[in-house]
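As C-alpha cells, the structure follows; a few thoughts come after it.
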Amino acid sequence: PPSYAHGTSTTPLLGETIGENLTRIVATYPGREALVDVASGRRWTYSAFGEAVERLARGLLARGVLKGDRVGIWAVNSAEWVMLQYATARVGAILVNINPAYRAHEL
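Counting from 1381, one number per residue, gives the positions in the sequence shown under my numbering.
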C-alpha cells in the first residue's frame, strides 16, 4: 500500500519490521560503518552495532520487558540511545523518550 506520510507515492513500503531491516542491513554490509559517536570518537560497523543491539535486546527480555511494553529513557542523544531504540524495536517494545531537561518533580 502507498505511504501517506508525505503524500501518495508509487514507491512501495519495505514490509519489514525495524528489527528485520537491521538484520538484513547487517548481513548485507557487515563491515561498513553504521554509527559514529563524534563526541567520544567511538565507531561501530554494522556487524558490531547489530551485536550490541542483540545484547541489549536479550538484556531487556531478561529483565522481563515484553512485546508492547514501554521502556522510558531519560537521556541526551548518544550512541547508547540509538542502540536502545533498535533493541526495543527488536523485542517489540515501545521506546518512550523523556525530555532530559525535565527535573525529578516533572516526572
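Just so you know, even glycine gets a beta-carbon here, dropped at the ideal spot from N, CA and C. Model, not experiment: these values are computed from the prediction.
Query raised in the report: Can you find a CB in chain B that lies within less than 7 Å of the CB of Val1456?
Result: Of the chains in the structure shown, none is chain B; there is only one protein chain.
Query raised in the report: Just how far apart, CA to CA, sit Ile1453 and Glu1460?
Result: About 10 Å.
Query raised in the report: According to the Cβ coordinates, are Gly1399 and Arg1470 closer than 7 Å?
Result: Yes. Within cutoff.
Query raised in the report: From Asn1457 to Asn1477, what does the alpha carbon distance come to, in whole angstroms?
Result: Cα to Cα, the separation comes out at about 10 Å.
Requested in this report: State the DSSP-derived secondary structure class of Ala1473, mapped to helix, strand or coil.
Outcome: Ala1473 falls in the coil class under three-state DSSP.
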